[in-house]
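Residue numbers (the working numbering), protein chains in the order written: chain A, 114 to 456; chain B, 114 to 456.
Every residue gets a Cβ at the ideal spot worked out from N, C-alpha and C, and that includes glycine.
This report refers to the structure that appears directly beneath it.
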DNA sequence: ATGAAAGCGCTAACAT
DNA sequence: ATGTTAGCGCTTTCAT
């Protein structure tokens, strides 16, 4: 290790002939609290600057038992929805004095468990997690250690952790009703993975809307949030003699697959078949036929989660236990030209 | 602070009636090195598990003067290219025992400077940065503190920092030649921001290819990596009497704007005009006309950067100074149906 | 095979 | 207005 000797407050104390305490006080901004003279402050500050001093965070953390860092656990940043949230979270927490330790779990539950354990060991002051699975035992490690947790998007049934998510149910419900109002009766829903709560809520929204409007032709197909799934299911659907009049894909990835299948069969949207989706990626506007979509309220979700987490941390520090919050943020619908009005 | 007393090695030492030293040795895996008996090991391990012990990273860091963390500075995760890199970096570094501290700078240079300073204060062992600007002084803070740095995508002319990037020049060059070989003569290039090195290299690739093939009709327009820019420039271009036969947009965002302008004027790709782009977002396959594109080698870039950084860290620890590396990774071209063969 | 003790860099009682 | 000192949790040299 040929590192040049680190500059510490001790170095500065020697150089300035002042005590460690005084140097420390000046350097961490509690100078006026201890009425340290302007002259002294100046001497210390100058020495610090000249020596290029930076505090050793490990020492501060150890001393204060605070890490000034917050964990962010995401399934994968390849998903733009998660990436957008990570972007806001990282950026916003930094302005509040926290570093963000990122854990990308590659959509793997086992990886997520490891990630959470690592965060616990690092004594993060809180963690925001977008869970990949349904098992909550690893989250319990955090709870037991009294580390505040906020879930985004997906949540656990069995533990009292606050969460904020899109109101998937009302989103899917209102989109389905929109199709029904437009005169569609044979509306099929291509879903993502059943092990994802968000998916199931969307499916329920679709089903309930169909039931509420006395539509008998209820059909849910598919099993994953992939283009392949959208492609395969759509191919199967359009081959049947009783072809749906509208397709509701539960994600943009699924939608892309559906699009490909429709194009291959030369079916035009919305003339031959209507198509709506969930996510509202920015390219929807620029497709051959711009696709109507439910838009998740990413900004609100990220900002509310941060506020919730920081509030919990603060309450915790004061020995107060905050109630679990369940916040469902209403998504908006972006109407484009992919739905044919049949009546 | 109503925290329950933390479990430390001291707790375990008291419970097991063994010394701190022994407990520490067992817990950090150096048991056999000190020939600690199996019985003792078992006792310690069991107590640790029962008490739910996790080491205090701050203490370890302080003691070892190692942080086990690496900084990742990105302009914004809203850009899928950066998000993909962040995903791989976070995931891969964790398997190598490092945490990743994420700094999303919101494409703001001042924010980036702050971010870098924070990373320095945290004693990260290295940092991977995708620079937002061209000023390098903040990076010098890291260099001075002997913290290894690797740049991705963009780099600094004036400091000897290793970097890895797409070979923007050859990518644009070969794409342009492809258009020329297809018989195009009036090829226009819609560029992004001139303050971005990657942009300028792409422009140069385009120009050089045109020159190498003696094409006089060389035209570069535009000034930012946005849909608006693509839209506006394309509207202007197609209004002219001497309309280009092909448009080369230097990013997918720009391309989306171009697409919109073309659709509004009912110009069909590739029949009325050909279109190629740079980035290769996954939706290109599903557009009305699938668009031919240069694909950045994200995986290679991320993995090579990581290797480079870790090698530098290792060398550093041994007092060796590694040479600056400049790695340009060749992008690939994904051919789709957006180019009309004119000869 | 196990332990005692020093010290990493910092902060905060507790002096004065 | 400034200084002395103990200690946060851990690793490691040096003993035994």
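Members of the region 354-372 of chain A near chain B, C-beta cut-off 7 Å | 369 and 372
Kindly indicate which residue of 242(A), 384(A) and 400(A) has the alpha-carbon position closest to the one of residue 365(A).
-> 400(A)
Would you mind giving the Cβ-Cβ distance between residue 297(B) and residue 455(B), rounded to the nearest angstrom? I have them listed as a contact below 8 Å.
-> 6 Å
Kindly provide the ranges of any alpha helix (DSSP H) runs that are 4 or more residues long and lie completely inside the region 336-412 of chain A, ordered along the chain.
-> 340-352 and 365-377
Is the number of C-beta pairs between the region 149-158 of chain B and the region 144-160 of chain A that are closer than 8 Å three or more?
-> no
Does the beta-carbon distance from residue 164(B) to residue 125(B) come in below 8 Å?
-> yes
Would you verify that the beta carbon of residue 235(B) is, or is not, closer than 8 Å to some beta carbon of chain A?
-> yes
Could you say if the region 204-219 of chain B and the region 180-191 of chain B meet the contact criterion of at least three C-beta pairs nearer than 8 Å?
-> yes
So is residue 223(A) buried or exposed if we call it buried at 16+ other beta carbons inside 10 Å?
-> exposed
Residues of chain A with CB under 9 Å from residue 165(B), in chain order?
-> 254, 257 and 258
So is residue 189(B) in contact with chain A if we call contact Cβ pairs under 8 Å?
-> yes
Measure the C-alpha to C-alpha separation of residue 149(B) and residue 131(B) and round it to an integer number of angstroms.
-> 12 Å
Within the region 142-181 of chain B, ranges of the alpha helix (DSSP H) (whole runs, at least 4 residues) = 151-164 and 170-177
Should the region 400-416 of chain B be called in touch with the region 382-389 of chain A, which here means at least 3 C-beta pairs below 8 Å?
-> no
List the endpoints of the continuous alpha helix (DSSP H) containing residue 434(A).
-> Neither: residue 434(A) is in no alpha helix (DSSP H) and is coded neither H nor E.
Quick one: list the residues of chain A neighbouring residue 170(B), beta-carbon separation under 7 Å, in chain order.
-> 234, 235 and 236
For the beta strand (DSSP E) containing residue 129(B), list its first residue and its last residue.
-> Premise fails: residue 129(B) lies in the alpha helix (DSSP H), 122-129, not in any beta strand (DSSP E).
Shorter than 8 Å from the beta carbon of residue 442(A) to some beta carbon of chain B?
-> no
Opening and closing residue of the alpha helix (DSSP H) in which residue 217(A) lies = Per DSSP, residue 217(A) belongs to no alpha helix (DSSP H); it is in the beta strand (DSSP E), 212-217.
Where residue 329(A) falls: helix, strand or coil (DSSP) = coil
From the DSSP output, read off the bridge partner residues of residue 278(A).
-> 441(A)
At least 3 beta-carbon pairs within less than 8 Å: the region 330-344 of chain A vs the region 260-273 of chain A | no
Best match in 361(B), 333(B), 374(B) and 362(B) for proximity to residue 352(B) [C-alpha to C-alpha] = 374(B)
Kindly list, in the order they appear in chain B, the residues whose Cβ is closer than 9 Å to that of residue 244(A).
-> Those do not exist, as residue 244(A) stays about 17 Å from chain B at its closest Cβ, beyond 9 Å.
Nonlocal neighbours in the same chain, by C-beta distance under 7 Å from residue 249(A), ignoring five residues either side | 269, 271 and 272
Identify the contact partners of residue 213(A) in chain B, using a Cβ-Cβ distance below 9 Å as the criterion.
-> 214, 215, 216 and 217
Might you give, ordered along the chain, the residues of its own chain that have their beta carbon closer than 7 Å to the beta carbon of residue 227(A), omitting 5 neighbours on each side?
-> none
Mind checking who residue 446(B) pairs with in its DSSP beta bridge?
-> 407(B)
In the region 259-277 of chain A, which residues sit with their C-beta less than 7 Å from some C-beta in chain B, listed in chain order?
-> 259
Scan the region 415-428 of chain A for residues whose Cβ lies nearer than 9 Å to a Cβ of chain B and list them as they occur along the chain.
-> none
What residue does the beta strand (DSSP E) around residue 240(B) start on, and which one ends it?
-> 239-242
Since residue 204(A) meets chain B, which of its residues come closer than 7 Å, beta carbon to beta carbon?
-> 217 and 219
In angstroms, rounded to a whole number, what distance separates the CA positions of residue 191(B) and residue 318(B)?
-> 27 Å
If the cut is a Cβ gap below 8 Å, which residues of chain B does residue 231(A) touch?
-> 207 and 212
Given that a residue counts as buried once 16 or more other Cβ atoms are within 10 Å of its Cβ, and exposed if not, what is residue 134(A)?
-> exposed
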